[in-house]
Every structure is written in C-alpha cells, then in structure tokens.
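Q: Handing you this structure, nothing more for now.
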Amino acid sequence: MLPVRDFMRVSRRALTIKPSPIRKLIDTVESLENVLKLHVGEPDFDTPESIKEAVKKAFCEGYTHYTFTAGIPKLREAIAEKLKQDNRIDADPEDEITVTAGGYGALFSAIHAVVDEGDEVLIPEPAWPAYKGFVKLAGGNPIPLPLSPPEYHLNIKLIEDRISERTKMIIINTPNNPTGAVYSEEELRQLAYLALKKGIYVLSDEVYERIIFDDAKHFSIASIPEARNNTISVYSFSKTYAMTGWRIGYVVAPKEVTSAIRTIHSYMISCVSPAIQLAALKALTEPQDYVEYMVNEYRERRDIAFNLLNEIPGVECVKPKGTFYLFPNFSRIEGNSLSLAEKLLNEVRVSTIPGAAFGEAGEGHLRISIAASRETIMEAINRIKKLISNSSSRESSNS
Numbered sequence: 001m002l003p004v005r006d007f008m009r010v011s012r013r014a015l016t017i018k019p020s021p022i023r024k025l026i027d028t029v030e031s032l033e034n035v036l037k038l039h040v041g042e043p044d045f046d047t048p049e050s051i052k053e054a055v056k057k058a059f060c061e062g063y064t065h066y067t068f069t070a071g072i073p074k075l076r077e078a079i080a081e082k083l084k085q086d087n088r089i090d091a092d093p094e095d096e097i098t099v100t101a102g103g104y105g106a107l108f109s110a111i112h113a114v115v116d117e118g119d120e121v122l123i124p125e126p127a128w129p130a131y132k133g134f135v136k137l138a139g140g141n142p143i144p145l146p147l148s149p150p151e152y153h154l155n156i157k158l159i160e161d162r163i164s165e166r167t168k169m170i171i172i173n174t175p176n177n178p179t180g181a182v183y184s185e186e187e188l189r190q191l192a193y194l195a196l197k198k199g200i201y202v203l204s205d206e207v208y209e210r211i212i213f214d215d216a217k218h219f220s221i222a223s224i225p226e227a228r229n230n231t232i233s234v235y236s237f238s239k240t241y242a243m244t245g246w247r248i249g250y251v252v253a254p255k256e257v258t259s260a261i262r263t264i265h266s267y268m269i270s271c272v273s274p275a276i277q278l279a280a281l282k283a284l285t286e287p288q289d290y291v292e293y294m295v296n297e298y299r300e301r302r303d304i305a306f307n308l309l310n311e312i313p314g315v316e317c318v319k320p321k322g323t324f325y326l327f328p329n330f331s332r333i334e335g336n337s338l339s340l341a342e343k344l345l346n347e348v349r350v351s352t353i354p355g356a357a358f359g360e361a362g363e364g365h366l367r368i369s370i371a372a373s374r375e376t377i378m379e380a381i382n383r384i385k386k387l388i389s390n391s392s393s394r395e396s397s398n399s
C-alpha cells in the first residue's frame, strides 16, 4: 500500500509570509458602498492620452510578441538619458539597466539577486510592508530600524549600530511612503559612505522621485560615484505618469548584479510587454507638462489636508515634502491605529491605512492619501473631525 501524503501542504517559506495588511483593508473597502477613499496608493488621475495612443499604435503595428528580457534597447537608452539628466547617474543601458514588471518586479528581482539564506536586511521604519515580504521570500531576515517622529529622517548612528556580520543590505525609500519625508543629500552621503565602509548594499526605492514639494530636492544615492558598485536603484512609471495598471518600472545596478536581476526576472515574467514599453518610451520622451500639473495639484491638496488635520484637537501632522501621503499622529486620541482605521471606516465611511501596517514605528498614526479630489479630502477630514469630537464629548459626559 502506498504511503498517504498530505498533498495540500504549502511551503514553509510561504507560511512565513502574511498577506499585506494594506491589501486586506482594501478588499474590505471595496465591499462597502459610499466610502470616501483616503487609503489609495495610486494617482487618481488617468494616464495621459498620448501614452494611451502610443500603446494602441504599438499593438496595431504588431508589437504583440516576446521581446528582450532586459527591455527594448531604445527604451533602455532613453532611461539612461533620463538618469543622466534627472538623477546624475551614468548607467550603461546595455549592462546596468533592466526594464521590469513595475517597481514590484524590480524590488523582488533585486533582493533575490543579492540576498542569501539567513542574510539580514535593514529596513528603516515606518516602511512599505512589501519590503519585509520580499526579503522573507528570498530567505533573508528583515531587521526593522525604527526612525524617530515627527520627521522620520535617517539615523546614521542607529544604522551603524545595527549592522552585523550577517547584514547584506539596507533598503531606503525616498521620497518616503508613508511619511512623505525626502532624505537630504547630506544624510544620503553619510549612508553611502557607511555602506561602503561596512561592505553592504543600498537598495534605493525612488518610485516617488518626481512628486516633491516646496524647497525639497530629490537626491539619488547612486549619483555618488563611489557608491555605484554597491547601490541598486528602483524606479517606476506608475506614480509619475499615473500608470499603475500598466506594470512597468526599471532597476539600475552594477553589471554583475544586473546579470542576476535579469535572470531572476526572466523566470518571473520573461519580458515586459513590448507595446507597454513603447508607451513608457513615449512617457519619458514627451514634454512633462502633465507631470507638473499632477504635482501642482498634489501640492494644493496637501496644503488643504495639512491645515484641516491640524485643526483637529489632539492630532499632530507634519507637512510632507514628497509623495501623495500625509502621516498624522492620532496617538493622543487612539493609540491603536488599526482600531481607529476600522472605526473611521465603519462609522463614518472614511478609509485610511493604519500606521501599524508600516511597522511598530508607525503605530498611533494613519496614512492619509491625497490621491483624491479636493472635495473628497475636505469632506473625509471633516467626518474624521466630527467623529473624534463626538467621541470626546461622550467621554467627557461619562467622566
């Protein structure tokens, strides 16, 4: 008699990965009606018509087959020119640039290209929760580094103290999701030299690079010549050009790392659709007026949300320098961010993301997206204010 085996078991590695708390909340939101959505992590603008027309043209011209795993050469060349002009990074399109299935594909491939079983990866928090998942899937150990509110800038001393013999990489995100912080050139230079001294990689997620406000300036750590050999930089068309559903991004890395990234990415997806790559080429090479329009609108919305949030007694909110998120502190009102987010959703139909989703350092906060109309933002924050005011009144009457 053949032994009975449990064919329904999944891998131990799969069991270590928990579903994203953000995706879980989004699923709940989508099942409800009349929700004012301040949880959304994508532009509310539509993709520019010129980019849509470019993909239509490409499909009609027969760009419907497999193409280069690394990406269409003329797109990689355009990316190289963009990197040189905008980021001050000199990258070889032949050996150092790979077109990927969005920022997700770039991050997944890059982490798997350098992280071995048991390697430690430092993640300053609050941080996008997917970083931990990518590291765990690669067999690594994510090590959270809690940053200090309210600015949440890099703490170089803390980073140095947490580097061990097992440390392989640090992941940074600037402009930052969820805090809206934009790391300065000075702090990034300090990090670059520390990483060189300790012999670790820096994985720099720069997908929000164009969404910056006021006097902030985006600085790419790979623009430091000495840091090129241990820096991996990730970019995306999703946020800049309102192309989240198109799934296209790119990663810039040293030649040896790029070779590994391309191999891993080829097993994931073979290649990014050539028609979508040609649309991305159009996005890069046409006038950037639409991008400027979106950023200006985000700036106006940020100011509205910032002022309204700071009118709520007990709420503290720093004005973000980048991204389309605010990260107000509600801890004086409710220390459990998940409970607060659920209360807002269930009682006043306003969706937000609990700060705890971004690590323990985010507890007590909510991530509020301004990727919504001005009217939606104002009405949603007014609902939050009324709920908190009513709750405070009830507590006062019961005391």
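So the sequence shown is numbered by the numbering used here: it starts at 1 and just counts up by one. Beta carbons: idealized from backbone N, C-alpha and C, even for Gly.
Let's see if you can read the secondary structure: which residues bound the beta strand (DSSP E) around Ile276?
A: No beta strand (DSSP E) contains Ile276, which is instead part of the alpha helix (DSSP H) from Pro274 to Thr285.
Q: DSSP on Gly322, reduced to helix/strand/coil?
A: If DSSP states are grouped into helix, strand and coil, Gly322 belongs with the strands.
Q: At the level of alpha carbons, what is the spacing between Glu187 and Leu154?
A: Whole-angstrom Cα-Cα distance: 7 angstroms.
Q: Using only the alpha-carbon positions, how far apart do Glu151 and Phe59 sit?
A: For Glu151 and Phe59, the distance between alpha carbons rounds to 46 angstroms.
Q: Given a cut-off of 8 angstroms on the beta-carbon distance, is the pair Ser337 and Gly364 in contact?
A: Yes. Within cutoff.
Q: Roughly how many whole angstroms lie between the Cα atoms of Trp246 and Glu342?
A: Cα to Cα, the separation comes out at about 31 angstroms.
Q: Does the beta-carbon of Met243 have 16 or more other beta-carbons within 10 angstroms, so that it is buried, or is it exposed?
A: By the neighbour-count rule (16 or more Cβ atoms within 10 Å), Met243 is buried.
Q: Going by DSSP in three states, Arg367 sits in which element: helix, strand or coil?
A: Looking at Arg367 - three-state DSSP - the assignment turns out to be strand.
Q: Can you tell me whether Met268 is buried or exposed, with buried defined as 16 or more other CB within 10 angstroms of its CB?
A: Result: exposed.
Q: If we ignore side chains and look at the alpha-carbon of each, how far apart do Val257 and Ile377 end up?
A: So the two alpha carbons sit approximately 43 angstroms from each other.
Q: In chain order, what residues of the same chain lie with their CB nearer than 7 angstroms to the CB of Ser236, ignoring the 5 residues before and after it?
A: Answer for Ser236: Gly102, Gly103, Val207 and Gly249, listed in chain order.
Q: Whole alpha helix (DSSP H) runs in the stretch 168-254 with 4 or more residues, listed along the chain?
A: Qualifying alpha helix (DSSP H) stretches, in chain order: 185-198.
Q: Among Phe358, Ile171, Arg367 and Gly105, which one has its Cα closest to the Cα of Ile264?
A: It is Gly105.
Q: Going by CA-CA distance only, name the one from Ala279, Leu203, Lys282 and Ser391 that's closest to Glu334.
A: Nearest C-alpha to Glu334: Ser391.
Q: Do the stretch 159-171 and the stretch 184-198 touch if we need at least three Cβ pairs shorter than 8 angstroms?
A: With the cut-off at 8 angstroms, the stretch 159-171 and the stretch 184-198 touch.
Q: Alpha carbon to alpha carbon, how far is Asn176 from Tyr193?
A: Looking at the two C-alpha atoms, the distance is approximately 21 angstroms.
Q: Closer than 6 angstroms by C-beta to Arg262: which residues in its own chain qualify, once you throw out the five before and the five after it? Chain order, please.
A: If we look at Arg262 and ignore the five residues flanking it on each side, its Cβ neighbours are Thr69, Ala70 and Thr98.
Q: Looking only at its own chain, which residues have a Cβ that is under 6 angstroms from the Cβ of Thr323, when we skip the five neighbours before and after it?
A: Same-chain partners within the cutoff: Pro175, Asn177, Gly180, Tyr208 and Ile211.
Q: If you compare alpha carbons, which of Ala279, Gly355, Phe358 and Ser351 is closest to Leu30?
A: The sequence given here has Glu at residue 30, not Leu. Selected option, being the one with the closest Cα: Ser351.
Q: Assuming Glu125 and Phe358 make a contact with CB atoms under 8 angstroms, what is their CB distance in whole Å?
A: Yes, Glu125 and Phe358 are in contact; Cβ-Cβ is about 6 angstroms, under 8 angstroms.
Q: Using C-beta distances below 8 angstroms, list every residue in its chain close to Glu379, excluding the 5 sequence neighbours before and after it, in chain order.
A: Taken in chain order, the residues that qualify are Leu36.
Q: Using DSSP bridges, identify the partner residues of Asn141.
A: DSSP lists Glu120 as partners of Asn141.
Q: By alpha-carbon positions, which one of Asp205, Trp128 and Leu83 ends up nearest to Ser20?
A: For the residues Asp205, Trp128 and Leu83, the minimum Cα distance to Ser20 belongs to Trp128.
Q: Tell me, which residues are paired with Glu151 by DSSP?
A: According to DSSP, Glu151 bridges with nothing at all.
Q: Is the number of C-beta pairs between the stretch 43-63 and the stretch 73-80 that are closer than 8 angstroms three or more?
A: At 8 angstroms Cβ cutoff, the stretches do not touch.
Q: Where Ala279 and Glu49 are concerned, what is the direct C-alpha to C-alpha distance, given to the nearest angstrom?
A: Approximately 11 angstroms, taken between the alpha carbons.
Q: Going by DSSP, which residues form a beta bridge with Ser389?
A: Answer is none; Ser389 lacks a bridge partner.
Q: Decide if Pro43 is buried, meaning its Cβ has at least 16 other Cβ atoms within 10 Å, or exposed.
A: That one is buried.
Q: Please classify Asp205: is it buried, with 16 or more other beta-carbons within 10 angstroms of its beta-carbon, or exposed?
A: It counts as buried.
Q: In the DSSP assignment, find the unbroken beta strand (DSSP E) run with Val99 in it and report its ends.
A: That run of the beta strand (DSSP E) goes Ile97 to Thr100.
Q: Keeping to the same chain, check which residues put their C-beta closer than 6 angstroms to that of Gly140; ignore five residues upstream and five downstream.
A: For Gly140, where only same-chain residues beyond five positions count, the Cβ hits under 6 angstroms are Val115, Asp119 and Val121.
Q: Taking its Cβ as the centre, do 16 or more other Cβ atoms sit within 10 Å of Thr231, making it buried, or is it exposed?
A: Buried, by the Cβ-count rule.
Q: Identify the continuous alpha helix (DSSP H) that holds Cys60 and give its terminal residues.
A: That run of the alpha helix (DSSP H) goes Glu49 to Cys60.
Q: Distance, Cα to Cα, Ala78 vs Arg9?
A: Straight-line Cα distance between these residues: approximately 46 angstroms.
Q: Please tell me whether Ser233 and Ala222 are closer than 8 angstroms, where the distance is taken between their beta carbons.
A: Yes, the Cβ-Cβ distance between Ser233 and Ala222 is below 8 angstroms.
Q: Terminal residues of the continuous alpha helix (DSSP H) containing Leu38?
A: Here Leu38 belongs to no alpha helix (DSSP H), and DSSP marks it neither H nor E.
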